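The listed protein sequences correspond, in order, to chains A and B. Residues in the first sequence are numbered from 264 upward in steps of one, following the working numbering. Residues in the second sequence are numbered from 254 upward in steps of one, following the working numbering. Inspection log for the structure reproduced underneath, given as structure tokens.
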Amino acid sequence: MSFILQQILFIASIITILFVPGYFLILAIWGRRRIFSALEKLILAFGLSIVSVNFLLIFIGRIGIRICALSVILLVTLFCAVCFGIYKRRYANKNSTSSFSTETADQDDKSFSKNQTILIILILFLTIFVKTIYLSDTIFPTSTDMGHHMYWSKLIAETGQLPVYEERDIIEVDGNYQVSEPRPIADFIIGEHLIFAAINLLSGADFISYFPTLILYLVNIFGILTVFILAWRLFEKLAQGKNIAILALFLIGPLYAISSAQAKFVSGGVIGNTLGNLLIPLTLYFCLRAFREKKSLFLAAAIFSAAGIFYSHHLTGFILLYIAAFIVLIFCLFNFRAIPDHYREWKKIIFTPPVLSVLAACVLFVIFIYTPSYLETSAVKTAVGSPSKATRAGLTFGQLTFTAGEARMALGIAGLFLLLLLRSRKTYAAAILGGWAIAILLMSLKPHWLHLNIPSGRIANYAAFPLAILGAFMLVWIFSQAQELKSKKFQLNTRIIFSLFMLLLSFAALNGSYDNSQSLSVKSNFTEAVQTFHAAKYLAEKTDAQNDIILKDHNYLVADAWIKLFYMRGYNYPFSRGFFKRYEDETKKREMCTLWMISTPQTADGQRCFAGTKTNFIMVNPAFDGPQFEKTPTFWKPYAGREISIYYKPQ
Amino acid sequence: MINQPSNKIIILSLAFFILVSFFFLAFIQQRQQNSADQDAWWVLYFTDIRSDNLNFAIENHAVAADFHWELFQNKDKMQAGDIKIEQGAVWTSNIQATDLTGTIIIKVSTGKDKKEIYKIITH
């Protein structure tokens with residue numbers, strides 16, 4: 264297929280899967296009323312499409328319909344048709360002229376000035392430019408996490424069925440080693456894989472190519488855009504609301520565009536976290552509008568988005584629960600006396616047909632259609648409790664600052680204090696933003712306060728977004744103070760405050776740009792990856808699952824996690840010698856065979872492992888692991904490359 | 254219909270930036286997949302892993318080069334040859350020896366770069 268045609272199909276499949284369903288869902292729920300700006304509609308359609316498509320594919324998978332290109336197209340078409348039908352029934356006959364004048368006024372609220380538009384476009388250009396430069400060195404599929412995830416996506420595409428998340432492992436039984444029966448694994452959640460499978464089915468794009476990274480890149484961009492519109496709505500009551508949103512876009516877009524949770528997570532294939540950074544702001548957006556505008560449809564959408572989180576990434580879902588708790592806590596704290604009034608209002612929003620229907624549908628879906636794998640394996644129990652390792656005992660402030668970015672951290676913390684001190688702390692906006700930030704900060708810094716047992720570094724990756732919004736709020740507040748003083752003719756104070764504003768803005772810009780420059784020095788290693796894939800393909804053509812067991816190394820081979828996609832014989836096929844430090848981890852005992860069979864193949868332990876597991880092929884980097892196999896009487900060497908060699912042990 | 258001109262311009266700009274970025278990155282990756290952009294590498298392998306068949310292939314992903322190959326039975330050189338392999342091409346040998354036993358080694362070199370593969374055949 265020509266490159267151009269491939270790209271056209273790829274873009275068309277993205278539009279079909281990642282925009283159209285969400286757009287029609289918005290149409291069905293809100294009609295064509297100008298409740299959203301065009302930009303908001305586009306951004307919300309993306310997130311809602313991901314959630315909708317995930318649930319739809321899970322549903323058809325469970326009722327036994329094969330997931331293939333035809334069924335995906337028909338499903339999306341049917342879903343859109345149903346949504347359109349609902350829209351027609353609910354809105355087509357309604358006379359909207361009575362609200363014309365308010366809608367006209369609304370248009371101005373949803374528009375940006377010429378300068379603001381230019382600024383937004385410039386920020387978006389810089390964001391995409393910096394990320395593109397970084398990704399151009401990492402676009403070749405090499406990342407371990409992405410390789411693992413794409414195995415499951417490819418399994419869905421090839422079998423047409425929902426995957427069973429399980430793996431075989433090497434176990435010791437009565438002193439002998441053998442390959443176990445399949446055991447469930449909780450690390451993967453279905454929502455991380457379905458959209459990739461769907462896009463592969465529609466476009467024909469190979470999994471071992473640019474396509475998974477580009478999809479994740481799109482999720483990252485729309486995560487940033489969702490934060491932008493959330494910031495816009497959070498501060499829409501303020502005169503400088505749009506400027507706060509634009510500044511937030513600046514702080515999360517082009518600045519720190521590469522560091523963890525941004526482009527690095529895209530190239531690293533950290534699908535769950537990246538989806539989480541899209542769906543959390545999406546959920547909060549709908550929550551904010553639900554309670555501020557007292558519209559139950561928004562709350563229903565928030566619950567729908569939240570449900571999407573729980574089917575996409577367990578850690579994000581867990582964090583969302585804490586965020587929700589802190590939002591409620593902060594709101595109640597600052598509105599203590601008015602709780603009874605607010606409670607009456609909440610009841611009117613919560614106990615409504617849309618909200619109760621969505622809640623009921625979610626519960627029924629979990630019970631009768633598909634229970635997320637992490638619930639079935641009781642993974643939740645391992646997430647609560649006292650931290651079991653040093654990496655779960657909380658980060659230092661310095662470590663969190665390093666993750667979030669110094670400028671963002673400083674401005675964000677200052678913005679948080681400001682938010683909680685001002686009179687506006689009583690608003691839903693303050694509770695949502697403050698609760699979001701405080702939850703992430705406490706979970707990262709003091710997990711033991713919250714009875715948490717999750718790697719603190721992973722939670723810290725969620726800190727950037729709320730801190731960016733708070734930082735933007737802080738900066739604009741300083742600027743507006745300068746303006747106010749100027750209008751009161753305090754010239755000297757105006758200059759000081761304005762200088763402070765420019766200084767802080769420059770600090771943020773330089774710090775974020777410096778962070779980008781540090782990350783841009785990554786060297787591409789696609790040549791090594793190509794050789795790994797060549798060896799994998801060679802062995803895939805000459806072996807079979809029944810008679811051959813392959814072991815490869817993870818320490819010195821590039822893109823080794825993608826080798827399994829050439830075989831599709833099980834998640835843990837081929838077996839892998841993992842990072843050396845994992846075999847020394849006292850808190851999590853591992854089998855040692857994969858270490859012995861490569862590191863010390865001629866020892867008694869190594870030989871017992873070979874005999875028990877029937878491993879007969881080894882893939883290693885000859886520069887590091889060749890000597891222990893070379894010219895021994897037990898191994899042949901059928902394949903010799905620069906970066907990878909294959910050794911064969913005849914039975 | 255979009256009645257907010259600023260939104261329309263932002264959306265169009267965003268779509269343009271994303272499309273250009275995607276096209277560029279996809280193009281880069283496809284180029285990397287082809288030999289032309291890679292660091293030079295070549296690989297040597299037996300066409301049949303398990304049997305006594307000693308035929309081997311040299312796959313060249315560097316510029317066209319001369320390759321010299323030798324077949325050893327233990328330490329004795331039994332056969333040798335020279336070939337020129339174009340970039341991206343695969344050359345497969347046609348070795349007729351079926352009665353060789355011991356450690357049968359195929360050594361291939363091009364310039365200073367050498368590789369070898371071997372089978373240990375016992376009848």
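No residue lacks a Cβ here, since even glycine has one placed at the ideal position from N, Cα and C. Only a predicted model underlies this, so the values are computations on that prediction, with no experimental measurement involved.
Contact of residue 316/B with chain A by beta-carbon distance below 8 Å is absent, the smallest such distance being about 14 Å. For residue 544/A, the nearest beta carbon of chain B is not closer than 7 Å to its own beta carbon.
In the three-state reduction of the DSSP assignment, residue 903/A falls in the strand class. Looking at 456/A, 691/A, 840/A and 901/A, the one whose alpha-carbon comes closest to that of residue 553/A is 691/A. Rounded to the nearest angstrom, the Cβ distance from residue 535/A to residue 575/A is 6 Å, consistent with a contact under 8 Å.
For residue 297/A, the three-state secondary structure derived from DSSP is coil. The three-state secondary structure of residue 552/A, taken from DSSP, is helix. The Cβ atoms of residue 902/A and residue 371/B lie no closer than 7 Å to each other.
The alpha-carbon of residue 267/B is positioned some 26 Å away from that of residue 291/A. Residue environment analysis places residue 697/A among the buried positions, since at least 16 neighbouring C-beta atoms fall within 10 angstroms of its C-beta. If you draw a straight line from the Cα of residue 427/A to the Cα of residue 259/B, it comes to about 47 Å. The beta carbon of residue 344/A does not come within 7 Å of any beta carbon belonging to chain B, so the residue lies off that interface.
Residues of chain B with a Cβ closer than 8 Å to the Cβ of residue 373/A are, in chain order, 257 and 260. If you draw a straight line from the Cα of residue 744/A to the Cα of residue 760/A, it comes to about 7 Å.
Taking a Cβ-Cβ threshold of 7 Å, the residues of chain B close to residue 383/A are 263, in chain order. Nearest to residue 306/B by alpha-carbon distance, out of 347/B, 367/B, 368/B and 262/B, is 347/B. At a Cβ-Cβ threshold of 7 Å, residue 861/A and residue 816/A count as neighbours. Of the residues assessed, residue 417/A falls on the buried side of the cut-off, its CB having 16 or more other CB atoms within 10 angstroms.
If the five residues before and after residue 735/A are omitted, its C-beta is found closer than 7 Å to the C-beta atoms of 494, 507, 510, 511 and 514, all from its own chain and listed in chain order. Between residue 814/A and residue 838/A, the C-beta gap is smaller than 7 Å, which places the two residues in contact.
Cβ-Cβ separation between residue 580/A and residue 572/A: approximately 5 Å, consistent with a contact (criterion under 8 Å).
Listed by position along chain B, the residues whose Cβ is nearer than 7 Å to that of residue 859/A form an empty set, because the closest Cβ is around 22 Å away.
The Cβ-Cβ distance between residue 278/B and residue 402/A falls below 7 Å. Burial check for residue 608/A: the Cβ neighbour count within 10 Å stays below 16, so the residue is exposed.
Rounded to whole angstroms, the separation of the alpha carbons of residue 566/A and residue 314/A is 11 Å.
The contact set of residue 277/B on chain A, defined by CB atoms closer than 8 Å, consists of 395 and 399 in chain order. Shown in chain order are the members of the region 290-318 of chain A whose Cβ falls below 7 Å from a Cβ of chain B: 300, 301, 302 and 305. Per the DSSP secondary-structure output, residue 447/A pairs in a beta bridge with 429/A. Every beta strand (DSSP E) of 3 residues or more that sits fully in the region 865-894 of chain A is shown, in chain order, as 878-883. Residues of chain B with a Cβ closer than 7 Å to the Cβ of residue 797/A are, in chain order, 296. Distances from the CA of residue 301/A to each of 325/A, 320/A and 374/A were compared; the closest alpha carbon is that of 374/A. Your pair residue 911/A and residue 884/A does not check out as a contact, with CB atoms roughly 17 Å apart and the cut at 8 Å. Between residue 266/B and chain A, the shortest Cβ-Cβ separation is below 7 Å. Residue contact check for residue 367/B against chain A: no CB pair falls below 7 Å. Bounds of the alpha helix (DSSP H) holding residue 268/B are 258-286. The bridge partners DSSP lists for residue 309/B are 299/B.
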